[in-house]
Amino acid sequence: MIAALRKEFLLQWRTRAQAVAVFVFGATSLLLFSFAIGPNAAALRQHAAGFLWLGLLLSSTLTLSESFHAEMENRALEGLLLLPVSPRVLYYGKALANTVQLMLLGIALVPVMVVLYDAGTTRIPIVLLIIALGTAGISAPGTLYSAMTAQARAKQTLLPLLLFPLIVPVLLASVKATSLAILGDPMDQSSAWLALLVAFDGIYWSLCGLLFDRVVED
Amino acid sequence: MLANPRFPKLPYALMTLGVVCLLIGSYLGLFVAPPEHYMGEVQRIMYVHVPTAWNWMLAVLFTFGAAIAYLFTSDFKWDARVEAGLEVGALLGFLLCCQGAIWAKPTWGVWWDWDPRLTSTAVLLCSFAGILALRRFVDEPTKRAVLSSVATIIASVDLPIVYFSVRWWNSLHQMQSSPATVSSQFHLPLRLNAFGILFLMSGFIALRARIASQRLSSELAPPPQELVGELA
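Below you can see the structure in the form of structure tokens.
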């Protein structure tokens, strides 16, 4: 497990130029969303959380669709499957690495959101927690679907097509919770949304791990 | 394999029975049953909408079961059923959204509302459409069967979570109609139409699974002997 995780981080470190490009893509999409609303500071602030998560979601498809790129070259995946470990270990290693990468991306996009939409907040720990849970919810099914679409034609189209309907609950809960953190939460509703995120993460981290064996077997 | 079925005429019989039930049920619903007190004539769409909803749920459940069965047995007849269930489920989901929109415009004043039931139907419709697209882009039959079964299971598990999360978010849709909640004059057309769509749907699924099965057996078949001889 540790070795699988080390492999993923090494891969990500060697392709860090791609991570920077994905961040620039995310920041650019945040800039574009403000043009869709117009220069209305109050409205922008109101919708800041939604824009942040949409930007993160769009950028995540770029990260995820590339995530099995190295394994598919020179049939490296078959070599990895010959190792005396369960394929599940490979899945959890990759899903964890993807979560960390998306989390860093989310944390990097928060200042951009604060500057562009004037959506500052003092509840930094809770925002970090939401980003951690939300990106974990995106990357658990995202990693599995990425392994699936890597074996199909037209993978760039298929991944978002399969992933976006699935993560509606994650998007909903993350946006609501982030929004409450920015705009204030007098009724203490955010704990319910956080519980929903935890439940989604729990279900999909276990279910996708179970199903991954069947996806990569020949 | 389903390619050589035991009852070759069964789907046609089911579909005929379904059409007959639907015709009688719709006649009763449109001309015999009294209009509803508050909504008036618009309410008559219930006679197709509610049966479609029940059968849509059955189709989704069937597809989910077939996907699990495929992963456990690796028998291609279940893959054919998954394909049939996905297509019929997507069709019924689409019909459900259209009927709902036609009913909602005069009743709620909007075509669409972000209600849990509407949203989860739409989400599942998108997922099924995505899985059908996935099936077109994987050429190897075994791979295609495994990937679409896995995707079907993941999408079906998502359904209750979507429903639950959207219910927290917003709710407007009325409680489900069932024979217990509607007046007895509405029962007969509602039940007839429900069985009509059930028979029609079963016929569609059986026939579609047979087509999928025949295509699969032609994909999996060894090349014809004379061709092998020519190549050698």
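First to last, the sequence lines map onto chains A and B. So in the working numbering, spot 191 of the first sequence is number 191, and the numbers just go up one at a time. So in the working numbering, spot 124 of the second sequence is number 1124, and the numbers just go up one at a time. Yeah, the Cβ is synthetic: ideal placement off N, Cα and C, and Gly gets one too.
Contact list for residue i against chain A, beta-carbon separation under 7 angstroms
i	result
B/PHE1199	By Cβ distance, chain A contributes nothing, its closest Cβ being about 30 angstroms from B/PHE1199, past 7 angstroms.
B/GLY1130	LEU161, LEU162, PRO165
B/VAL1123	PRO165, VAL168
Beta-carbon neighbours of residue i, restricted to chain B and to distances below 8 angstroms
i	result
A/ALA192	TRP1168
A/ARG88	Here the premise fails: no neighbours, minimum Cβ distance about 14 angstroms.
A/ILE203	VAL1157, ILE1161
A/LEU64	Chain B residues near A/LEU64: none, gap ~15 angstroms exceeds 8 angstroms.
Beta-carbon neighbours of residue i, restricted to chain A and to distances below 8 angstroms
i	result
B/ALA1053	In chain order: nothing, as chain A lies at least about 19 angstroms away.
B/SER1127	LEU162, PRO165, LEU166
Buried versus exposed, by CB contacts within 10 Å (16 or more), residue i
i	result
A/GLU78	exposed
A/TRP53	buried
A/GLY137	buried
A/LYS176	buried
B/ASP1115	buried
B/VAL1088	buried
B/GLN1225	exposed
B/GLY1233	Summary: the structure shown does not reach residue 1233 of chain B, with chain B confined to residues 1001 through 1232, and so no result is reported for it.
A/LEU82	exposed
A/ALA76	exposed
A/LEU31	exposed
B/LEU1172	Any reading at B/LEU1172 needs caution, since the residue's pLDDT is 47, under 50, leaving its predicted position unreliable; the model's value is listed next. That one is exposed.
B/LEU1014	buried
B/ASP1079	buried
B/HIS1187	exposed
A/GLN101	buried
A/MET72	exposed
Residue i versus the options, residue with shortest Cα-Cα distance
i	options	result
A/LEU158	B/GLY1130, B/LEU1022, B/ALA1059, B/ALA1013	B/GLY1130
A/THR122	A/LEU116, A/LEU133, A/ALA132, A/VAL110	A/VAL110
B/LYS1077	B/ALA1066, B/VAL1157, B/TRP1169	B/ALA1066
B/VAL1042	B/SER1218, B/PRO1051, B/VAL1082, B/ALA1104	B/ALA1104
A/GLY106	A/PRO87, A/LEU133, A/VAL85	A/LEU133
B/ASN1144	B/ASP1075, B/PRO1160, B/LEU1091	The amino acid occupying residue 1144 of chain B in the given sequence is Arg; Asn does not appear at that position. Out of B/ASP1075, B/PRO1160, B/LEU1091, B/ASP1075 has the C-alpha closest to the C-alpha of B/ARG1144.
A/THR61	A/ILE37, A/THR135, A/PRO169	A/THR135
B/VAL1082	B/SER1218, B/LEU1220, B/PHE1204	B/PHE1204
A/LEU196	A/VAL168, A/SER29, A/GLU73	A/VAL168
A/TRP193	A/ALA4, A/GLN156, A/VAL170	A/VAL170
Amino acids of chain B, ordered along the chain, whose beta-carbon sits closer than 9 angstroms to that of residue i
i	result
A/LEU172	VAL1162, SER1165, VAL1166, TRP1168, TRP1169
A/MET187	Under the 9 angstroms cutoff, chain B gives no residues; its nearest Cβ is about 13 angstroms from A/MET187.
CB contact below 7 angstroms: residue i versus chain E
i	result
A/ARG214	As a matter of chain content, chain E is missing from the structure shown, whose protein chains are A and B.
Residues that residue i contacts on chain B, provided the C-beta gap is smaller than 7 angstroms
i	result
A/ARG153	PHE1137
Would the segment 1025-1034 of chain B and the segment 118-128 of chain A be scored as touching if the rule is three or more Cβ pairs under 8 angstroms?
no
Touch test, the segment 1133-1145 of chain B against the segment 141-156 of chain A, Cβ-Cβ under 8 angstroms, three pairs minimum
yes
Stretch pair the segment 204-217 of chain A + the segment 78-92 of chain A: three plus CB contacts closer than 8 angstroms
yes
Assess, as a yes-or-no matter, whether the segment 65-73 of chain A is touched by the segment 34-50 of chain A under the definition of 3 or more beta carbon pairs within less than 8 angstroms.
Touching, no.
Can you list the alpha helix (DSSP H) stretches of 4 or more residues lying completely in the segment 1032-1086 of chain B, in chain order?
1046-1073
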